[in-house]
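Numbering (the working numbering), first residue to last: 5 to 482. Yeah, the Cβ is synthetic: ideal placement off N, Cα and C, and Gly gets one too. If you're wondering where the values come from, they're calculated on a predicted model, not measured in any experiment. Remarks on the structure that follows.
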Ligand code: FAD
Ligand code: MLT
Ligand code: ZN
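Pasting the structure below:
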């Protein structure tokens with residue numbers, strides 16, 4: 005997993021004498037509760053270092069029954085819980101506040117894979133199982149768990165379910181939600197609901213699991229999940245192309261659909277500036293010159309022959325028509341991994357460059373060139389001197405439009421400039437990272453009163469005492 009480039013320094017002192025700590029120790033054992041400053045600091049602040057907190061302690065249950073007991077102990081004392089998996093979230097959702105009264109509930113001791121079914125095409129894993137471990141378990145049986153993101157070496161199954169993670173394969177396989185067949189959850193009152201079903205078809209009553217997918221630990225604690233697998237494609241084609249502008253990238257996607265049909269699984273766009281940051285901070289160079297244009301990383305997979313020929317046709321066509329100015333097709337798995345490394349290091353390189361204001365936006369696909377032109381112009385007028393690190397999952401309309409700023413730039417003003425352009429295109433202010441505590445104010449501005457009201461009613465029904473991840477996702481009432 006990538007090193008965190010900003011020191012994870014929360015103000016992590018804990019109050020070891022609080023009676024709740026003894027009750028938790030009695031239930032979870034001495035190793036199940038962390039109180040020492042050096043032990044808790046990694047849990048006290050988010051990956052970006054933007055939200056340093058101070059937990060009462062870190063509870064580390066090792067089973068669903070222990071999670072339920074932890075919830076009941078904290079509930080009886082009126083103490084709030086902050087669920088946490090790999091702590092790679094980019095919206096501050098897994099970080100406690102600074103009150104010293106919230107317990108971080110870490111799922112990392114629940115890492116078992118309970119079952120891989122290569123015929124039924126399912127994997128059942130506990131919440132703390134690292135995504136990469138689950139992917140590898142599926143691959144050993146010749147199957148693919150198609151959720152893939154740069155943080156997969158640390159992100160957990162509970163985390164990807166609770167954030168409805170996206171990543172690089174959404175184009176073909178959908179967001180995490182599309183892959184979840186069943187979940188087991190602990191509710192805020194400590195009751196356990198076992199919905200670990202392996203069914204593709206199940207219309208027996210409300211599909212309640214959807215409430216817990218993407219609700220960022222505010223409605224329940226996911227303790228295990230059944231995820232859908234797909235047969236692993238036998239042939240994989242990975243190519244990188246240089247394109248003059250985002251309009252050309254969309255034309256290339258059209259060519260890709262013509263030549264490769266539904267075999268395309270990833271279509272990522274990376275700006276020249278993003279590539280320069282990766283070269284500067286990770287020492288990785290693209291296979292063609294960085295000339296100020298854009299790069300597209302495209303991957304397709306199939307179990308039939310003919311993928312390489314179709315890719316050559318697409319590349320030839322793109323070059324001939326001036327849609328692409330250069331391109332390479334990986335000739336081995338190692339070369340494909342080198343191309344992916346360029347994409348996967350953008351976030352870390354950005355963090356090393358300095359302060360950034362992240363925007364995880366989606367707009368209708370064909371509006372991407374207009375969005376970029378308008379947002380660039382609005383920033384040049386409203387926040388001169390800032391730079392844009394734009395990249396992302398363009399094949400599904402999701403751009404990471406991250407603004408590199410100086411110490412004096414106002415993040416709220418920059419959010420407002422960018423998100424107003426998103427709203428003008430009827431887009432979303434969070435395509436995949438979620439709201440956490442980073443975007444609650446923005447949610448209040450861009451979602452209707454009726455939608456926020458509905459969300460608050462759902463929260464109140466499940467967690468009337470507001471003990472599960474308070475202050476996250478839902479903006480405070482106006
Ligand atoms: P955490 O960060 O620990 O938690 C995230 C949220 O889920 C918090 O609100 C937390 O309270 C809640 N939560 C965690 N576990 C549980 C549980 N068991 N039950 C209930 N609530 C829980 N995200 C994408 O969608 N696509 C990407 O391409 C992507 N790329 C990334 C690249 C990098 C380099 C990094 C650092 C992050 C990236 N992310 C991406 C964000 C992040 O990896 C995902 O959001 C991931 O799903 C978080 O998993 P986690 O286990 O680290 O969760
Ligand atoms: C990614 O796709 O690499 C992350 O989701 C983006 C980010 O760092 O903004
Ligand atoms: Zn992303």
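Residue i beta carbon near ligand 3 (any heavy atom closer than 7 Å)
i	result
residue 218	no
residue 349	no
residue 320	no
residue 170	yes
Chain-order list of residues whose beta-carbon lies under 8 Å from that of residue i (same chain, five-residue window excluded)
i	result
residue 234	125, 147, 148, 150 and 177
residue 37	25, 28, 29, 61, 62, 63 and 64
residue 402	170, 174, 364, 365, 366, 396, 435 and 436
residue 423	363, 365, 433, 446, 449 and 450
residue 184	165, 213, 217, 229, 230, 231 and 232
Own chain residues within Cβ distance below 6 Å of residue i, not counting five before or after
i	result
residue 432	366
residue 477	220, 222 and 439
residue 116	130
residue 259	318, 321 and 322
residue 307	237 and 238
residue 462	none
residue 467	192
residue 90	158, 159, 160 and 163
residue 447	439 and 479
residue 145	120 and 122
residue 6	Residue confidence is low: residue 6 scores 42 on pLDDT, short of 50, so the model does not pin down where it sits. No coordinate-derived value is stated.
residue 263	314, 317 and 318
Any non-hydrogen atom of ligand 2 closer than 7 Å to residue i Cβ
i	result
residue 362	yes
residue 154	yes
residue 3	Because the chain here runs from 5 to 482, residue 3 falls outside it and cannot be looked at.
residue 90	no
residue 94	yes
residue 396	yes
residue 423	no
residue 437	yes
Contact test: residue i Cβ vs ligand 1 heavy atom, cutoff 7 Å
i	result
residue 354	no
residue 51	yes
residue 39	no
residue 487	Any property of residue 487 remains undetermined from this structure, which presents the chain solely from 5 to 482.
residue 476	yes
residue 471	no
residue 346	no
residue 418	no
residue 162	yes
residue 280	no
residue 444	no
residue 115	no
residue 390	no
residue 167	yes
residue 48	no
residue 301	no
residue 77	no
Within-8 Å CB hit, residue i to chain C
i	result
residue 318	No chain C appears in this structure, which consists of one protein chain only.
Residues near residue i in its chain [Cβ-Cβ closer than 7 Å; skip 5 each side]
i	result
residue 256	245, 247, 300, 322, 327 and 328
residue 73	31
message = Pairs of beta-carbons, one from the segment 202 to 222 and one from the segment 437 to 446, closer than 8 Å: are there three or more?
response = With three or more CB-CB distances shorter than 8 Å, the segment 202 to 222 counts as touching the segment 437 to 446.
ask   = Taking the runs of the alpha helix (DSSP H) that are 4 residues or longer, which of them lie wholly in the segment 29 to 69?
value = DSSP runs (the alpha helix (DSSP H)) wholly in the segment 29 to 69: 41 to 44.
Length at least 4, wholly inside the segment 390 to 476: the alpha helix (DSSP H) runs in chain order = Runs found: 415 to 428, 444 to 450 and 453 to 466.
key: Length-filtered (3 minimum) beta strand (DSSP E) runs lying within the segment 325 to 363   = As far as the segment 325 to 363 is concerned, its whole beta strand (DSSP E) runs of at least 3 residues are 330 to 333.
query = Below 8 Å, can you find three or more Cβ-Cβ pairs linking the segment 280 to 289 to the segment 224 to 241?
reply = No: fewer than three Cβ pairs fall under 8 Å.
query = Can we say the segment 387 to 399 touches the segment 269 to 285, given the rule of at least three CB pairs closer than 8 Å?
reply = Segment contact: the segment 387 to 399 against the segment 269 to 285, three or more CB-CB distances shorter than 8 Å; contact assigned.
inquiry  = Quick check: the segment 442 to 456 against the segment 184 to 198, are at least 3 beta-carbon pairs closer than 8 Å?
reply    = No, the segment 184 to 198 is not in contact with the segment 442 to 456.
request  = Starting from the N-terminal side, write out each stretch of the beta strand (DSSP E) that is 3 residues or longer and does not extend beyond the segment 159 to 216.
outcome  = Complete beta strand (DSSP E) runs here, min 3: 184 to 190 and 196 to 199.
request  = Report yes or no: do three or more beta-carbon pairs, one from the segment 42 to 61 and one from the segment 89 to 96, lie closer than 8 Å?
outcome  = Yes, the segment 42 to 61 is in contact with the segment 89 to 96.
Every unbroken alpha helix (DSSP H) inside the segment 264 to 294 [4 residues or more] = With a minimum length of 4 residues, the continuous alpha helix (DSSP H) runs that stay inside the segment 264 to 294 are 276 to 286.
task = Quick one: which unbroken alpha helix (DSSP H) runs of 4-plus residues sit fully inside the segment 83 to 142? Chain order, please.
result = You should have found no qualifying run.
task = Specify whether the segment 405 to 415 and the segment 349 to 364 touch according to this definition: at least 3 beta carbon pairs, one from each stretch, less than 8 Å apart.
result = Touching, per the Cβ criterion.
query = Can you list, in chain order, the stretches of the beta strand (DSSP E) that have 3 or more residues and sit fully within the segment 298 to 323?
reply = Contiguous beta strand (DSSP E) elements confined to the segment 298 to 323 occur at 298 to 306, taking only those with 3 or more residues.
Minimum length 3: unbroken beta strand (DSSP E) runs contained in the segment 212 to 255 = Every beta strand (DSSP E) of 3 residues or more that sits fully in the segment 212 to 255 is shown, in chain order, as 225 to 232 and 239 to 247.
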